[in-house]
Each structure stands twice: as structure tokens, then as C-alpha cells.
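Single-structure report; data block below.
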Amino acid sequence: MNNKSLPVKSLIFLVLMVDLGMSEPQNYQTNCYQRLEDKLSSPEGCQVTMQFNHPDNGLDWQIVTFSGQKYHYRNQGMGIEIWSDRQQKWSKVTKVDWFPGQEGVLCWDDFCADWRDLPLS
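Sequential numbering from -5 applies to the sequence shown in the working numbering.
Here you go:
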């Protein structure tokens, strides 16, 4: 499946529909980036842990970069949210998109990850 052929919301919905039976967390290695307007910077390896039927969070994924940055996202079918350790609450992600010109790099606000080898189809 060509990742660019479907909008991000459709892809996330597709993941939920295809993998409804999966409830154990699955770990993947990929590359992550910071988004600076129209450029990707600070490339580094990261580990993504995904759970498709998390009892509280629906589609739940955590990303830990090799430098120790942690990002925790969820999608309960009403949009993507990110967990703030500082505020101890979930907040809506403002922008979700494929980074232009970078096949398979998915961004949530200013944080991006290479999603080509992760289960979106």
C-alpha cells in the first residue's frame, strides 16, 4: 500500500480495523526527527512501542529516542493526543501529516518518525 494514497486519519483507522485482535504491546526500531518548519533535524534512532487495544487509550504508542526523549500518544477514535508528564494530562495534537518529500515520515506537531517499517497496513 502506498502511504501517500490515504490521509493520516484513514491510515490510523485502517490500523485499528486490521489489528483489532492485537492487545499485547509490540516493539519496533525506527528513526525519529525534530521538525523545523520545512526541514527535518536531529535524526536519531528510537524505539516505538505500539498497542492496538489498550484498555484505556485505544491505539497507544510510545516513542523513546536513544537520547532519552519520551513521547506518548493515543488515539481513541477522536483524534491523536499526546501525554504531558509535566501537566499530567492528555492534549490534542495540533497537526498530523506526512512530511513533504520524505517517503513514510509521519509527523505529530514538531516530532516525526519514519513509519515505513511500522504496521500501518
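Ideal Cβ positions, reconstructed from N, Cα and C, are used throughout, including at glycine.
Practice task
Can you have a look at methionine 44 and say buried or exposed, based on whether 16 or more other CB atoms are within 10 angstroms of its CB?
Solution key: If you number the sequence shown from 1, residue 44 lands on position 50. Buried.
Exercise for the section: Return the CA-CA distance between histidine 66 and phenylalanine 46, expressed in angstroms with no decimal places. Expected result: Locating residue 66 in the sequence shown gives position 72, counting from the first residue. Locating residue 46 in the sequence shown gives position 52, counting from the first residue. Spanning the two alpha carbons is a distance of roughly 14 Å.
Practice task
Please name the residue or residues paired with arginine 80 in a DSSP beta bridge.
Solution key: Within the sequence shown, the letter at position 86 stands for residue 80. Under the DSSP definition of a beta bridge, arginine 80 lacks any partner.
Handout entry: Same chain, Cβ closer than 7 Å to tryptophan 77, neighbours up to 5 away in sequence not counted
Key = Along the sequence shown, read from residue 1 onward, the residue named residue 77 stands at position 83. Excluding five sequence positions before and after tryptophan 77, the CB atoms of its chain that fall closer than 7 Å to its own CB belong to His66 and Trp84, given in chain order.
Handout entry: Segment limits, beta strand (DSSP E) that includes serine 36
Key = Numbered from 1 along the sequence shown, position 42 holds the residue referred to as residue 36. Note, serine 36: beta strand (DSSP E), 33 to 48.
Problem - Proximal residues to cysteine 106 (C-beta, below 7 Å), its chain only, five neighbours per side dropped - result: In the sequence shown, residue 106 corresponds to position 112, counting from 1. Taken in chain order, the residues that qualify are Cys26, Tyr27, Arg29, Leu34, Phe93, Val99 and Leu100.
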